[in-house]
Amino acid sequence: MTYLKDVDMYTSSEENLKSIVPITKLKSKAPHWINRILHEYKNLSMSEGVSKEMHHLQRMFLQNCWEIPTYGAAFFTGQIFTKASPSNHKVIPVYVGVNIKGLHLLNMETKALLISLKYCCFTWQLGDAGTCFQIHSMENKMSFIVHTKQASTDKLVWTYDDRLQFY
């Protein structure tokens with residue numbers, strides 16, 4: 001009987017997974033995150049006092065997403081230059097994310113979050129010809145220049161920065 005119960009739970013989980021995850025992603029060759037979703041779903045479905053209704057579960061999922069620093073960001077491509085040595089600079093291709101929370105730099109190759117700065121914790125200046133802007137972090141005393149041909153980045157930073165001063 002236990003086996004049949006487990007089979008029913010797996011089938012039920014598979015059906016629920018289809019309503020949560022896009023079908024094209026279900027067919028991908030990377031099942032590790034699907035297994036993690038199924039594991040979390042199983043834990044949640046066994047927990048007491050948690051609503052099992054789909055709209056409550058979807059809201060819980062969104063609440064987790066809202067905590068991600070880059071949630072809702074507009075992304076641009078760019079480059080930052082670091083000093084590998086006094087005479088040598090290293091170029092790092094980055095995604096520049098701008099949202100209501102701040103400015104975020106992600107390594108374009110690894111997708112790792114390099115730095116996330118709240119608007120209250122940095123100052124910035126637009127460089128010559130609008131192809132770069134300089135960031136001065138007040139928290140960790142870092143300064144760096146972001147080069148991007150996508151000039152909308154500075155306009156978006158200015159808009160969010162300006163709006164947040166009223167709150």
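Position 134 (the sequence shown) corresponds to 134 in UniProt numbering; numbering is contiguous.
Cβ coordinates follow ideal geometry from the N, Cα and C atoms, glycine included.
- DSSP places Asn-88 in the strand class (E or B) of the three-state scheme.
- Distance between Leu-105 and Gln-58, taken at the CA atoms: about 28 Å.
- For Cys-65, the enclosing alpha helix (DSSP H) begins and ends at 54-66.
- Around the beta-carbon of Ile-100, fewer than 16 other beta-carbon atoms lie within 10 Å, marking it exposed.
- Residue environment analysis places Ala-112 among the exposed positions, since fewer than 16 neighbouring C-beta atoms fall within 10 angstroms of its C-beta.
- Counting the other CB atoms within 10 Å of its CB gives Gly-78 a total of 16 or more, which places it among the buried residues.
- Collapsing the DSSP output to three states places Ile-80 in a strand.
- Comparing alpha carbon positions, the residue from Ser-116, Phe-133, Gln-125 and Gln-150 closest to Asn-140 is Ser-116.
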